[in-house]
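*Asks:*
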Amino acid sequence: MPNIILKKTFKVKPSGFQVAAEKSFSFHGSAVTPQLIQAVNQKLETIQYARNANRLSFHPDAKTAGHYTCIMNHDCQKYNEEDAVVAILDVMEILGWDFRFQYDSESSSTKVSGSSFTSRELFIFHKRN
317 MPNIILKKTF
327 KVKPSGFQVA
337 AEKSFSFHGS
347 AVTPQLIQAV
357 NQKLETIQYA
367 RNANRLSFHP
377 DAKTAGHYTC
387 IMNHDCQKYN
397 EEDAVVAILD
407 VMEILGWDFR
417 FQYDSESSST
427 KVSGSSFTSR
437 ELFIFHKRN
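Its first residue numbered 317, the sequence shown is counted upward by one per residue in this note's numbering.
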């Protein structure tokens, strides 16, 4: 039975007096198709985004074949992150994918160049019979 993972990642990288933060979503799994991504993107277009929030849209990941990613800016994460999650869950259910469970993980590293912190939420989907 195929599975799909929707991963939400939040990375924080302090650098001197500045902190770089990156928030993103990514789809993983051999069952992820361009048609599924198109349906998700169409639903994400219906969100009423806050002013200064970027509009979310998944695109093929240039680094990893078969993965699709989208980046959230700070205002999108602050005001529309939950809207995006609900939109994605709705589309997945309509397309016959059941939400199985959510898994949270955190990791950090310390290097000479600085430390970093990464938080991940994994939403696991399996295809309905």
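In this text, a Cβ means the ideal position worked out from N, Cα and C, and glycines have one as well.
All values derive from a computational prediction rather than experimental measurement.
Mind checking Ala403: buried by the 16 CB within 10 Å criterion, or exposed?
*Replies:* It counts as buried.
*Asks:* Across which residues does DSSP place Pro376 in a beta bridge pair?
*Replies:* In DSSP, Pro376 forms a bridge with Tyr384.
*Asks:* What does a CB cutoff of less than 7 Å around Ala355 pick up in its chain, not counting 5 residues either side in sequence?
*Replies:* If we look at Ala355 and ignore the five residues flanking it on each side, its Cβ neighbours are Val407, Leu411.
*Asks:* Once you ignore the five residues that flank Asn357 on each side, which residues in its own chain have a CB closer than 7 Å to its CB?
*Replies:* Only Ser373, Phe374 meet the Cβ criterion.
*Asks:* DSSP three-state call for Asn389: helix, strand or coil?
*Replies:* Asn389 falls in the coil class under three-state DSSP.
*Asks:* Looking only at its own chain, which residues have a Cβ that is under 8 Å from the Cβ of Tyr384, when we skip the five neighbours before and after it?
*Replies:* Within the same chain, Tyr384 has close Cβ partners Ser342, Phe343, Val348, Ile353, Phe374, His375, Pro376, Asp377.
*Asks:* Under the rule that 16 or more other beta-carbon atoms within 10 Å means buried, what is Lys339, buried or exposed?
*Replies:* Label assigned to Lys339: buried.
*Asks:* If we ignore side chains and look at the alpha-carbon of each, how far apart do Ile363 and Asn370 end up?
*Replies:* Rounded to the nearest angstrom, the two C-alpha atoms are 11 Å apart.
*Asks:* Shortest alpha-carbon distance to Ala320 belongs to which of Arg367, Arg416, Ser435, Tyr365?
*Replies:* One detail in the question is off: residue 320 reads as Ile in this sequence, not Ala. For Ile320, the nearest C-alpha among the options comes from Arg416.
*Asks:* Determine the closest residue to Asp420 out of Leu405, Asp414, Glu409, Arg436, with distance taken between C-alpha atoms.
*Replies:* Comparing Cα positions, the closest option is Arg436.
*Asks:* By the DSSP assignment, the alpha helix (DSSP H) with Leu411 in it spans what residues?
*Replies:* Counting along the chain, Leu411 falls outside any alpha helix (DSSP H), and DSSP gives it neither H nor E.
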